[in-house]
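Asker:
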Amino acid sequence: MICMKKNLLKTLVLVSGLLLSTNGWAQLVPSYVGDAYSTGDDCYVITPNLQQQAGALWYDNPIDLNADFDIVFNGFFGSNDGGADGMSFVLKTTSDPIIGIPGGGLGYQELPETPSLAVEFDTYQNSGGVINDPYYDHVALQKNGNTNHNSPNSLVSYVQASATSTNIENNIEHQVKIQWRAAEQTFTLVFDCSERFTYTSDLINTVFEGASTVYFGFTGSTGDATNLQSICFEYLSFLESSLQDETICAGSSITDIDGTYVGALNYQWSPATGVSDPDIPNPVFTPSVTTTYTLTTTDNCGQTMDQDVTITVVPNPDVTVVADDSSVCSGEDAVFNFTGTPGSEVTYTLNTGDEQTILLDAAGVASLSVVASSQQVLQLVNVALLEAPFCEANVTDSVTVDITAGDASFSMDPDCQGATATITGDVGGVFTFNPIPTDGAVIDIATGTISNGVQGATYFVEYSVSGSCSASSIEQVTLFPAVSYNEPLALSVCESDILEFDLSMAIDQIEGGNTDLVITFYETATEAGTGSTMAQLPLLYATTDQESELWVRIENTTTGCYSVVALPLGIKPLPVLVQVNDIEACDDDNDGFAIFDLTTVASQVAGSPDVVLTYAYENNGVFTTIISPEAFQNTTADVQTIQVTGENSLGCSSSVSFNIIVNKCFIQRGISPNSDGMNDSFDLTGYNVKELSVFNRYGVKVYTASNYTNQWHGQSDNGNELPTGTYFYSINVANENQMSGQQKTGWIYVNREIN
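Here the sequence shown stands for residues -26 to -1, 1 to 729, where the numbers follow mature numbering (1 follows the signal peptide of the UniProt record, and there is no 0).
(1) Just to confirm the assignment, what range does the beta strand (DSSP E) spanning V288 have?
(2) Tell me the DSSP secondary structure of T573 in three-state form.
(3) With G29 as the anchor, note down where its beta strand (DSSP E) starts and where it stops.
(4) Just tell me which of H112, V586, G276 and R671 has its CA closest to the CA of S101.
(5) Does the beta-carbon distance from D34 to Y209 come in below 8 Å?
(6) Less than 8 Å separating the beta-carbons of L342 and V373?
(7) Quick one: which unbroken beta strand (DSSP E) runs of 3-plus residues sit fully inside the stretch 615 to 648? Chain order, please.
(8) Less than 8 Å between the CB atoms is what I'm expecting for P547 and E469, so what's the real figure, rounded?
(9) Looking at the structure shown, is K718 part of a helix, part of a strand, or coil, going by DSSP?
(10) Do L163 and R170 count as a contact pair if the criterion is CB distance below 8 Å?
(11) Between the alpha carbons of Q717 and N706, how many angstroms are there, rounded?
(12) Tell me which same chain residues have a C-beta within less than 7 Å of the C-beta of residue 740, skipping the five on either side of it?
(13) Cutting at 6 Å between CB atoms, please list the residues of its own chain near C17, excluding the five before and the five after it.
(14) Measure the C-alpha to C-alpha separation of L511 and I600 and round it to an integer number of angstroms.
(15) Which of helix, strand or coil does DSSP assign to N594?
(16) Once the 5 residues before and after L213 are set aside, which same chain residues still bring their CB inside 8 Å of it?
(17) Assign M508 to one of three DSSP states: helix, strand, or coil.
(18) Quick check: L453 and G486, are their CB atoms within less than 8 Å of each other?
(19) For F179, which three-state DSSP category applies?
(20) Suppose contacts are defined by Cβ-Cβ distances below 8 Å. Is D42 in contact with A156 by that definition?
(21) Check S(-6) in the structure and name its three-state DSSP category.
(22) Considering only residues of the same chain and omitting the five flanking positions on each side of Y723, which have a CB-CB separation below 6 Å?
(23) Is DSSP giving Q149 helix, strand or coil here?
(24) With three or more beta-carbon pairs closer than 8 Å as the criterion, would you say the stretch 308 to 315 touches the stretch 277 to 284?
(25) Using 8 Å as the cut-off, can you tell me whether the stretch 310 to 322 makes contact with the stretch 291 to 298, which would need three or more C-beta pairs spanning the two stretches below that distance?
(26) Using 8 Å as the threshold, is the stretch 422 to 437 in touch with the stretch 445 to 463, meaning 3 or more CB pairs across them?
(27) Alpha carbon to alpha carbon, how far is T229 from L359?
(28) Which residues in the same chain have their Cβ closer than 6 Å to the Cβ of C535, if we skip the five residues on either side of it in sequence?
(29) Could you tell me which whole beta strand (DSSP E) segments of length 3 or greater appear in the stretch 224 to 306?
(30) DSSP three-state call for D96: helix, strand or coil?
(31) Which of the three DSSP states, helix, strand or coil, is assigned to E727?
(32) Considering Cα atoms alone, identify which of V357, F656 and S680 is closest to Q642.
(33) Relative to the C-alpha of D571, which residue among D563, D556 and D565 is closest?
(34) Can the beta-carbon of L473 be found less than 8 Å from the beta-carbon of A420?
(35) Could you tell me the boundaries of the beta strand (DSSP E) in which E497 lies?
(36) By Cβ distance, which residues of its chain are closer than 6 Å to F669, with the 5 residues on each side in sequence left out?
See below:
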């Protein structure tokens, strides 16, 4: 019969997880079963301090029993001396996460996998039955899930866990070491620096049935009595050591090797060469050659552990550079050859430019070709390995390739129709167009002179020389542009016997604001072409030639280029004016002055509606413009000359004159309409009467006539003869200059009694 705390079996759930360590054991990858969990820093709780807990940890890190191994951990078994139940360290042939019977079985009893080997850490006395525990906290070595200390599976029967105390549930951690020495085939348990047992056997065959690879884990449980039960790893020899091999560059140091071991009493590095302090766990290493260092650590139990670390010293790379030739022709390749550490990257500058790189091949060589148009200076800067530890070295070597070159330098100076070349390099070369123009331009192959070019055109001239190093160069030349000007407009003057032209008006029009022009005038194109100063015309030019043209030389003062163009001369016709008769007016007050509307002659004088008339009066041979010709009073008594000037749309003008005359005007006082041909009618001929109205003595209008001259001979509007008597008249004149005032009134006597 198996005795368990209240014989309670607990259902367990398997949970897988990942251990993350900050102490160098990141290779541990546990799977969790039941109530076990990680607390970080390579520490794990197997059971919390609760009743009926069961947990297990299993690691997939293989252990080779053909080699030694050490596992060091701190075990915490709780603080309750009456607590339960304990833990087991287990080895088995798989890493499958499983657990056996909890409670007094510690999770190892009847483990559902064989073969297996377990170190029990039993903190509760399960007496009697198949377990047969002593009263003290004890350790034992069991196999195949059997916890009975009296069975053949009990390889080492119970031993007091602590050499100094029956109780390990004392609220402190206890250091546990499990050691296997393959050569001696000994399995040893050390508890708080005291060896508790050593078991000697061929574990591969006697326990693991020929399997040399095993996996480890922990199981644990509580029952009605409880304790917090946990472990924290300090050292596992079969995992990758915290002392990792390193590779450094020659002359470098390494500071990140740290062999610190918790609880160590002392450290010793050997050899001590290149070690800053051989007695500390983390000195600075500066080996000059590849060296394997051994760290011997003495732990708190006085036991020693050896670890090796190899620091490989990689020589720094180097490189040299030489040129194929110390000088080359311009345009040829300057070739630089690099030799150095295979696979390294070389940094260099060319002509003090930006840094560039080139890679040496597996043979440690590389070549660089540069088209050289000037001296080439290659300066080495650095050489570096492209793989760890990425060693590099600064380099100061340089190499120079000079240029042996023909000099084909020249310059071009343009003019209006071509250009001239000036050779500044080697003479004796050949000039050509490149490309060849299609506008008729010609180049002299010996001198480079361009002729017959087009103003403003651009030409590309190539000059080539030959010798030890041939050379050529191309220059671009743009001929002076054609003179920019406005095409001359015809210069016209009004019709006259002698035509006078102001040529300065043509200058303004041709220039159009261009101040770089000099404009001169000539009577022939030949004279204009030569620019003869003797033939140059004055700006005020007079001619009797009614049909002519001049020639204009337009020269740019900046370029000296010029153009010759014709300037048409034109004649503008004068307006045709009609001579009119004199205008007369009545002098009512006998002072010799009257008011005249001079504009009444406008339609007679101007033969065209586009002619604008102005009026002027003459006084002592001087004509003065009249401001208000529609109401002008003569300034000279009786008779004064008026001049009318007409200007057409072309700006030409002509004039006619007439007189204004102030007369002593008389209106008759009576008529005797007896048909004797004498004083028969009221004669107002010459007065330009617009309307005549006649009234009897009672104010009744008896007669009216428009545009009256002499039609009234004493009759009424209906043609009846009016009786003898006095009648009154009102005269409205069409031209107020004919009488004094626009309306005239008076009386007239009709006498019918005269025979």
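Glycine is no exception: its CB is placed at the ideal position from the N, C-alpha and C atoms.
Answerer: This is what the structure holds:
(1) Per DSSP, the unbroken beta strand (DSSP E) holding V288 starts and ends at T278 to V288.
(2) helix
(3) A28 to Y33
(4) H112
(5) Judged by their CB atoms, D34 and Y209 are not nearer to each other than the 8 Å cut-off.
(6) no
(7) 627 to 637
(8) 6 Å
(9) strand
(10) yes
(11) 5 Å
(12) Coverage of the chain is limited to positions -26 through 729, which leaves residue 740 absent and any answer about it impossible.
(13) Excluding positions up to five away in sequence, the list reads C206.
(14) 40 Å
(15) coil
(16) W(-2), Q1, L2 and N35
(17) coil
(18) no
(19) In the sequence on display, residue 179 carries Asn and not Phe. Here N179 carries a helix assignment [DSSP, helix/strand/coil].
(20) yes
(21) Any reading at S(-6) must be qualified, since the residue scores a pLDDT of 31, below 50, and its modelled position is unreliable; the value itself is stated next. Coil at S(-6), not helix or strand.
(22) G644 and T700
(23) strand
(24) no
(25) yes
(26) Counting Cβ pairs under 8 Å, three or more are found: they touch.
(27) T229 and L359 have their C-alpha atoms some 21 Å from each other.
(28) C390, F454 and V457
(29) 240 to 244, 265 to 272, 278 to 288, 293 to 297 and 301 to 303
(30) strand
(31) coil
(32) Closest in alpha carbon position to Q642, among V357, F656 and S680, is F656.
(33) D556
(34) No, the Cβ-Cβ distance between L473 and A420 is not below 8 Å.
(35) E497: not part of any beta strand (DSSP E); DSSP gives it neither H nor E.
(36) K675 and F702
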